[in-house]
Amino acid sequence: MAIQWFPGHMTRARRQIQEKLKLIDIVIELLDARVPLSSRNPMIDEILQDKPRIIVLNKADLADPQVTEQWVNYFAEEGVSAFPIDASSGHKVGDILPKAKFTLADKIQRQINKGINPRAIRALIVGIPNVGKSTLINKMAGKNIAVTGDKPGVTKGQQWIKVGTEMELLDTPGILWPKFEDQQVGYRLAVVGSIKEEIIHLDDIAFYAIRYMAKYYLNNLQERFGIEYVPEDLENPNEVVKIMEEIGRKRGCIVSGGRVDLDKTSILFLRELRAGKLGRISFERPADQGAF
Ligand code: G4P
Numbered sequence: 001m002a003i004q005w006f007p008g009h010m011t012r013a014r015r016q017i018q019e020k021l022k023l024i025d026i027v028i029e030l031l032d033a034r035v036p037l038s039s040r041n042p043m044i045d046e047i048l049q050d051k052p053r054i055i056v057l058n059k060a061d062l063a064d065p066q067v068t069e070q071w072v073n074y075f076a077e078e079g080v081s082a083f084p085i086d087a088s089s090g091h092k093v094g095d096i097l098p099k100a101k102f103t104l105a106d107k108i109q110r111q112i113n114k115g116i117n118p119r120a121i122r123a124l125i126v127g128i129p130n131v132g133k134s135t136l137i138n139k140m141a142g143k144n145i146a147v148t149g150d151k152p153g154v155t156k157g158q159q160w161i162k163v164g165t166e167m168e169l170l171d172t173p174g175i176l177w178p179k180f181e182d183q184q185v186g187y188r189l190a191v192v193g194s195i196k197e198e199i200i201h202l203d204d205i206a207f208y209a210i211r212y213m214a215k216y217y218l219n220n221l222q223e224r225f226g227i228e229y230v231p232e233d234l235e236n237p238n239e240v241v242k243i244m245e246e247i248g249r250k251r252g253c254i255v256s257g258g259r260v261d262l263d264k265t266s267i268l269f270l271r272e273l274r275a276g277k278l279g280r281i282s283f284e285r286p287a288d289q290g291a292f
């Protein structure tokens with residue numbers, strides 16, 4: 001989904017979400033489990049204010065489970081309940097309702113004390129483009145719904161989607177912008193396929209991913225591509241390029257003169273990475289904030 005985020009669009013997106021907050025009890029903030037902070041809107045706290053929320057780490061099927069666990073603890077320390085799901089297969093999507101109920105337990109109890117029968121919890125899914133909002137809405141609804149989302153500037157009537165008897169979801173998720181100004185964030189989002197490749201050159205995206213993998217997941221690179229080269233200094237770009245070249249050679253990405261075609265190598269590498277063929281890889285971990 002290509003959305004041009006100009007300042008006016010950001011203001012409108014923010015206003016549209018804040019309008020919806022009046023209708024709901026809880027926000028489901030959807031992040032990409034492979035890059036939780038990079039897939040987070042930079043103004044999310046300001047936009048949501050004190051509205052109760054849970055964080056759902058989606059695409060956990062593609063993320064490193066150990067690192068995902070670290071993120072769950074990281075957010076718990078921030079006082080927000082976060083947990084992994086896989087919206088496409090539906091794995092753990094059933095955890096959303098109990099987590100929401102737990103987060104709203106005091107409010108629900110107050111209603112019961114007043115003799116009010118608690119109604120279904122009303123929820124809104126928010127997240128940046130491509131994080132899996134439509135997939136999750138469809139999975140929770142149990143059927144295919146044409147989720148359009150709010151195009152900045154376009155409003156349409158709200159529909160409630162029933163999720164069993166205890167939850168209702170707004171059918172238009174809140175679409176938020178990522179933190180563009182940080183270059184690391186741009187690379188990480190590009191690696192997981194959330195930013196269009198015209199913005200950052202393919203070679204650079206693959207270079208970034210291979211460098212990260214050489215640091216944390218060298219085994220996965222070696223096993224998938226049969227490469228043997230072990231870099232000594234990842235600060236030295238030539239060593240990363242050597243790995244790229246070895247991948248290219250192993251896959252026959254050679255141009256005349258025996259030179260490795262780095263464009264072709266990058267396309268092939270990124271396609272396999274995003275399809276999960278290199279294993280479950282996370283590209284961001286709490287410990288390396290700002291360090292990579
Ligand atoms: P959005 O509404 O937030 O923009 O995201 P959307 O649901 O359209 O999902 C974006 C892409 O992410 C889709 O892939 C979708 O299948 C994929 N996706 C969503 N949730 C998960 C998940 O938990 N695991 C994995 N592995 N993928 C997920 P696509 O390539 O754009 O489309 P398609 O392959 O489904 O045709």
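The numbers in full-length UniProt numbering rise by one with no breaks, and the one at position 271 of the sequence shown is 271. Each residue gets a CB set at the ideal place from its N, CA and C atoms; glycine is no exception. Note that this is a predicted model, so its numbers are computed, not measured.
- For residue 198, the secondary structure class from DSSP, reduced to helix, strand or coil, is coil.
- Taking C-beta atoms as the reference points, residue 205 and residue 266 count as a pair closer than 8 Å.
- Per the Cβ contact rule, the region 51–58 is not in contact with the region 266–276 (fewer than 3 Cβ pairs under 8 Å).
- Under the rule that a run must span 3 or more residues, the beta strand (DSSP E) segments found entirely inside the region 12–54 read 26–32.
- Between residue 27 and residue 126, the CB-CB gap stays under 8 Å.
- A residue is called buried once 16 or more other Cβ atoms fall within 10 Å of its Cβ, and residue 172 is buried on that count.
- With a threshold of 16 other beta carbon atoms within 10 Å, residue 129 meets it and is buried.
- A Cβ-Cβ distance of about 5 Å is found for the pair residue 60 and residue 86, placing them in contact under the 8 Å criterion.
- Chain-ordered, the residues whose CB falls short of 6 Å from any heavy atom of the ligand G4P come out as 1, 58, 59, 61, 62, 86, 87, 88, 127, 129, 130, 131, 132, 133, 134, 135.
- The three-state reading of DSSP puts residue 73 in helix, counting H, G and I together.
- About 42 Å separates the beta carbons of residue 210 and residue 167, which is beyond the 8 Å limit, so they are not a contact pair.
- Per DSSP, the unbroken alpha helix (DSSP H) holding residue 101 starts and ends at 96–103.
- Annotated three-state conformation of residue 58 is strand, per DSSP.
- When beta bridges are read from the DSSP output, residue 86 appears opposite 91.
- Within the same chain, Cβ atoms closer than 8 Å to the Cβ of residue 102 are found at 81, the five residues on either side in sequence being excluded.
- In the same chain as residue 256, and ignoring 5 residues on each side of it, no C-beta atom comes closer than 7 Å to its own.
- Each of 258, 221, 213, 178 was checked against the Cα of residue 44, and the nearest Cα belongs to 178.
- Pairing residue 278 with residue 35 gives a Cβ-Cβ distance that is not under 8 Å.
- Your pair residue 280 and residue 65 checks out as a contact, with CB atoms roughly 6 Å apart and the cut at 8 Å.
- With a beta-carbon spacing of about 4 Å, residue 208 and residue 187 fall inside the 8 Å limit used to define contacts.
- The beta-bridge partner set that DSSP reports for residue 284 is empty.
- Spatial neighbours of residue 262 in its own chain (CB-CB distance under 7 Å, excluding positions within 5 residues in sequence) are listed in chain order as 203, 244, 248.
- The alpha helix (DSSP H) runs of length 4 or more contained entirely in the region 118–188 are, from start to end of the chain, 133–141.
- The three-state secondary structure of residue 240, taken from DSSP, is helix.
- Boundaries of the alpha helix (DSSP H) around residue 225: 218–225.
- Non-local C-beta neighbours of residue 40 in its own chain, meaning closer than 7 Å and more than five positions away in sequence, comprise 31, ordered along the chain.
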